[in-house]
């Protein structure tokens, strides 16, 4: 029982953080972040790009499309939002 309690506190104190690009900011207090990673193909060995879209909570509506942001894992905020904005690493280009 004590092992399980220690395991949950460790998971909460060291959440997973990823960096990606904001592709949508149309929702209120939410952003969609595209996270790309490079993996080696299991058969051919070629490096290929894999991507996933994450929905993240942006409390102050600071992010705009094109920003590079860091998001961290958190408790479920809604059906699809389980990440929250940690920091804006780089602002996108102004058009």
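In the numbering used here, the protein residues as written are 19 to 113. Here a beta-carbon is modelled for each residue, glycine too, at the ideal position from N, C-alpha and C.
Taking C-beta to C-beta, are residue i and residue j nearer than 7 angstroms?
| i | j | result |
| --- | --- | --- |
| residue 69 | residue 54 | yes |
| residue 49 | residue 36 | no |
| residue 107 | residue 33 | no |
| residue 44 | residue 56 | no |
Quick one, which of the options has its alpha-carbon nearest residue i's?
| i | options | result |
| --- | --- | --- |
| residue 52 | 106, 71 and 80 | 71 |
| residue 94 | 44, 31 and 74 | 74 |
| residue 47 | 107, 101, 57 and 108 | 101 |
| residue 83 | 60, 56, 109 and 31 | 109 |
| residue 111 | 86, 76, 62 and 33 | 86 |
Pull up the CB-CB distance for residue i and residue j, whole angstroms please, since I reckon it's below 8 angstroms.
| i | j | result |
| --- | --- | --- |
| residue 89 | residue 104 | 6 angstroms |
**OP:** Note down, one range per segment and in chain order, each beta strand (DSSP E) of at least 3 residues found wholly within the segment 60-96.
**Re:** 65-75 and 86-91
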